[in-house]
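Participant: Before I ask anything, here is the structure I am working with.
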Amino acid sequence: EAAVTQSPRNKVTVTGGNVTLSCRQTNSHNYMYWYRQDTGHGLRLIHYSYGAGNLQIGDVPDGYKATRTTQEDFFLLLELASPSQTSLYFCASSDGDWGPGQLYFGEGSKLTVL
Amino acid sequence: GDSVTQTEGLVTLTEGLPVMLNCTYQTIYSNPFLFWYVQHLNESPRLLLKSFTDNKRTEHQGFHATLHKSSSSFHLQKSSAQLSDSALYYCALSGGQGGRALIFGTGTTVSVSP
Chain C
1095 EAAVTQSPRN
1105 KVTVTGGNVT
1115 LSCRQTNSHN
1125 YMYWYRQDTG
1135 HGLRLIHYSY
1145 GAGNLQIGDV
1155 PDGYKATRTT
1165 QEDFFLLLEL
1175 ASPSQTSLYF
1185 CASSDGDWGP
1195 GQLYFGEGSK
1205 LTVL
Chain B
4 GDSVTQTEGL
14 VTLTEGLPVM
24 LNCTYQTIYS
34 NPFLFWYVQH
44 LNESPRLLLK
54 SFTDNKRTEH
64 QGFHATLHKS
74 SSSFHLQKSS
84 AQLSDSALYY
94 CALSGGQGGR
104 ALIFGTGTTV
114 SVSP
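Taken in order, these protein sequences are the chains called C and B.
Okay, so the first sequence: first residue is 1095 according to the working numbering, each after it adds one.
Okay, so the second sequence: first residue is 4 according to the working numbering, each after it adds one.
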């Protein structure tokens, strides 16, 4: 079973604050993804990566930056957080061998922007 | 761009009755990969079913789905719902191989009562 761990699990910040969400996967997967989950919108792709140093823009990238420093680590950065970014964020990884491969999700990071 | 439509936001039913969740998709790719993910309360999404073969029934854990490219559909069915089937179900699409990111529908919440 793939292991994907996220931190922090819960974060509260104020409008304009700086937030970094971290994700680490330990199964040597090439592909990593950041999604946000909101009622009525489902899971929406923010950014994803094919490997260290690679970054691809997803469907809702505005207000987010991401960086893939190693094969294991993928970070999501909110430099000027806004209340609209209050959400549950999921990181996922896959090996990409079967189409996109099976996604393995982390536990989620709940972000509240006041 | 690619899109996935799940028409039911909430499905409520009694234990023992059949379940059918609708999923249709739009994609420019001729060989899409379709998935169903399930997310139980306070858990992360996990893979339930996947398919890329036209008109072939795929089964797992009592659920089944058939990809119909002619109608761009991948409906999820189960003959007899259980209380433990109460969860959020996502249909997802990928246009092809190589780690291409999944696009998720808005999700259908299934609530099964005794």
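We treat Cβ as the ideally placed atom computed from N, Cα and C, and that holds for glycine.
Keep in mind that this is a model prediction, so the values were computed, not measured.
Where Q85(B) and F66(B) are concerned, what is the direct C-alpha to C-alpha distance, given to the nearest angstrom?
Facilitator: When rounded, the distance between both Cα atoms is 11 angstroms.
Participant: Determine the extent of the beta strand (DSSP E) in which E62(B) is found, giving its start and end residues.
Facilitator: From DSSP, the beta strand (DSSP E) with E62(B) extends over R60 to H63.
Participant: Between the region 1193 to 1208 of chain C and the region 1158 to 1169 of chain C, do three or more beta carbon pairs fall short of 8 angstroms?
Facilitator: In short, these stretches do not touch, since the Cβ pair count stays below three.
Participant: For the putative contact between Y1125(C) and S1203(C), defined by C-beta atoms under 8 angstroms, what is the C-beta separation to the nearest angstrom?
Facilitator: In fact, because the Cβ distance is near 19 angstroms, the residues do not count as touching under 8 angstroms.
Participant: Between L1174(C) and V1113(C), what straight-line distance do the alpha-carbon atoms span, to the nearest angstrom?
Facilitator: Going from the Cα of L1174(C) to the Cα of V1113(C) covers about 8 angstroms.
Participant: Pull up the CB-CB distance for G1136(C) and T109(B), whole angstroms please, since I reckon it's below 8 angstroms.
Facilitator: That belief holds up - the Cβ atoms of G1136(C) and T109(B) are roughly 4 angstroms apart, short of 8 angstroms.
Participant: Quick one: is Y1158(C) near chain B, going by C-beta distance under 7 angstroms?
Facilitator: Not one chain B Cβ lies under 7 angstroms of Y1158(C).
Participant: Have a look at the DSSP bridge pairing and note the partners of I1151(C).
Facilitator: According to DSSP, which records beta bridges pairwise, I1151(C) is partnered with H1141(C).
Participant: Cβ-heavy atom distance between D1189(C) and the ligand FAD below 6 angstroms?
Facilitator: Ligands are entirely absent from the displayed structure, and the ligand FAD is therefore not among its contents.
Participant: Sorted by chain position, which residues of the same chain lie with C-beta nearer than 8 angstroms to H71(B)'s C-beta, five sequence neighbours on each side aside?
Facilitator: Hits under 8 angstroms: D57, N58 and F77.
Participant: Considering only C-alpha positions, which residue in the set H63(B), P21(B), S6(B) and A68(B) is nearest to I31(B)?
Facilitator: Per the Cα distances, S6(B).
Participant: Express the C-alpha separation of T1107(C) and I1140(C) in angstroms, rounding to a whole number.
Facilitator: Distance between the alpha carbons of I1140(C) and T1107(C) is about 20 angstroms.
Participant: Using a threshold of 7 angstroms, state whether the C-beta atoms of Q111(B) and E46(B) are closer than that.
Facilitator: The residue asked about is misnamed: residue 111(B) is Thr in this sequence, not Gln. No. Outside cutoff.
Participant: Might you give, ordered along the chain, the residues of its own chain that have their beta carbon closer than 7 angstroms to the beta carbon of F25(B), omitting 5 neighbours on each side?
Facilitator: Checking the sequence shown, residue 25(B) turns out to be Asn, not Phe. Correct list, in chain order: Q9, T10, E11 and H78.
Participant: Under 7 angstroms, do Y1181(C) and D1132(C) count as touching if we go by C-beta distance?
Facilitator: Note that residue 1181(C) is Ser in the sequence shown here, rather than Tyr. Yes, Cβ-Cβ distance for S1181(C) and D1132(C) is below 7 angstroms.
Participant: Residues of chain A with a CB under 8 angstroms from the CB of A68(B): which are they?
Facilitator: Absence of chain A from the displayed structure is noted, the protein chains being C and B.
Participant: With DSSP as the reference, label Q1179(C) as helix, strand or coil.
Facilitator: Q1179(C): helix per DSSP, three-state reduction.
Participant: Since V41(B) is in the beta strand (DSSP E), which residue starts that stretch and which ends it?
Facilitator: Unbroken beta strand (DSSP E) run through V41(B): F36 to Q42.
Participant: S87(B) by DSSP, collapsed to three states: which one?
Facilitator: Helix, per DSSP.
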